[in-house]
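So for the sequence shown, the working numbering puts the first residue at 13; every next one is plus one.
For glycine and all other residues, C-beta sits at the position ideal for the given N, C-alpha and C.
Each remark here refers to the structure printed beneath this line.
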Amino acid sequence: MLAGATVIFLATSLALAGAFIPSIRPLLTPKRLILWGGLVVPSLGLTALVAGAFTLGERLLPRQGAETLRIEVVARQFAWEFRYPGTPVATRDVLHIPVGRDIDFAVTSEDVIHSFWIPRLGGKIDAIPGHKNIVRLRADAPGTYGGICAEYCGEGHAPMRFIVIAHAPEDYEAALTSEAAR
Numbered sequence: 013m014l015a016g017a018t019v020i021f022l023a024t025s026l027a028l029a030g031a032f033i034p035s036i037r038p039l040l041t042p043k044r045l046i047l048w049g050g051l052v053v054p055s056l057g058l059t060a061l062v063a064g065a066f067t068l069g070e071r072l073l074p075r076q077g078a079e080t081l082r083i084e085v086v087a088r089q090f091a092w093e094f095r096y097p098g099t100p101v102a103t104r105d106v107l108h109i110p111v112g113r114d115i116d117f118a119v120t121s122e123d124v125i126h127s128f129w130i131p132r133l134g135g136k137i138d139a140i141p142g143h144k145n146i147v148r149l150r151a152d153a154p155g156t157y158g159g160i161c162a163e164y165c166g167e168g169h170a171p172m173r174f175i176v177i178a179h180a181p182e183d184y185e186a187a188l189t190s191e192a193a194r
């Protein structure tokens, strides 16, 4: 993305310089501006950006693997419920995740459209009634992260937040066992 933005910035800077520097003006004929500034440079820049987006976007697609964990997320006015696979554990407004592992969040809603977002971990996805959307996220360091509903869903929307606790892999199961005991 940086390389594509740099190409566009340099092309724009050259065109701007041509407007103010008389020695560059003869190089920037209308034919050259249209060919290079309108076709070649934008095509190369956009091709690089699209190729980068496809390459990086592939990593976010949900594909079940041996190391992928799937957590069910249910939104409702004005709380989040998290259900963990293979356990009877369901937490409200507190999400426990292991560090260093891909997690597919299957997100749905029981009432209106909400938006599941953990800003420090990446992607945001809508929670739609009757439909499951999946987003893959990963925490690379233990700690506590904030999560929010990023879609206005009614008068109680502002405090519709949740806490994400990223545990070291060896502590994750113990955290779920502790939640089950509550």
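Are the region 96-108 and the region 39-58 touching by the rule of at least three beta carbon pairs closer than 8 Å?
no
Opposite Lys136 in the DSSP bridges: which residues?
Trp129
Using beta carbons (cut-off 8 Å, strictly below), is Tyr157 in contact with chain B?
Judged by its chain identifiers, the structure shown contains no chain B, having just a single protein chain.
Could you please give me the residues that DSSP links to Ile46 through a beta bridge?
None; Ile46 has no bridge partner.
Terminal residues of the continuous beta strand (DSSP E) containing Pro110?
106-110
Nearest-angstrom Cα distance between Val106 and Ile175?
5 Å
If you draw a straight line from the C-alpha of Glu167 to the C-alpha of Thr18, how long is it?
43 Å
Do Ile146 and Asp116 come within 8 Å of each other at the CB atom, strictly closer than that value?
yes
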